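Note sheet for the following structure.
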Amino acid sequence: MTFTLNPRQIRMTRLLISEAEHVPELADNFHDRVMAKCQTYVAAAIERIAEEGTAPEIDDVRSRTMALLGAALGELHLFALFGKSEQFDNKQIAAHVDASLRVCGFSRDLHNDSAP
């Protein structure tokens, strides 16, 4: 989450969005190198906790992954893209992620490996 919301990454994302129509291969490269990698990482975490029995029954890992990423990143990322990210401190971001996990049916923190 810190990577996604850091000022340099936000500037890069704005640039990619503004140029995606003119240079689609740039957007494709960004998707493959950053977004797909993030989705794969989160899907692996979801599969791991599902195997451990600490997650709800998950029939479609990809859909659950996309729902979780959308819930966790959506509002925060939009605020950052519009220059409003200073409104969130780390404690608020962690609370937002925890709420997103609960909304997506998880009772423990995926972002904290030491959770029981």
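In our numbering, the protein residues as written are 155 to 270.
The beta-carbon is built from N, C-alpha and C at its ideal position, and this holds for glycine as well.
Small disclaimer: the values here were computed from a predicted structure and weren't measured.
Collapsed DSSP secondary structure at residue i in the structure displayed
{"i": "residue 209", "result": "coil"}
{"i": "residue 175", "result": "coil"}
{"i": "residue 191", "result": "helix"}
{"i": "residue 155", "result": "coil"}
{"i": "residue 183", "result": "helix"}
{"i": "residue 244", "result": "helix"}
{"i": "residue 237", "result": "coil"}
{"i": "residue 252", "result": "helix"}
{"i": "residue 259", "result": "coil"}
Identity of the residue in the options nearest residue i by Cα
{"i": "residue 246", "options": "207, 227, 202 and 162", "result": "227"}
{"i": "residue 230", "options": "248, 214, 218 and 217", "result": "248"}
{"i": "residue 166", "options": "253, 235 and 254", "result": "235"}
{"i": "residue 210", "options": "251, 256, 162 and 260", "result": "260"}
{"i": "residue 158", "options": "179, 188, 183 and 250", "result": "188"}
{"i": "residue 198", "options": "217, 171 and 162", "result": "217"}
{"i": "residue 255", "options": "213, 233, 203 and 242", "result": "203"}
Contact belief for residue i with residue j at Cβ below 8 Å, rounded distance in angstroms
{"i": "residue 215", "j": "residue 201", "result": "6 Å"}
{"i": "residue 257", "j": "residue 155", "result": "Not a contact, Cβ separation roughly 16 Å."}
field: Touching by the beta-carbon criterion (3+ pairs, under 8 Å), the region 180-195 and the region 215-228
entry: yes
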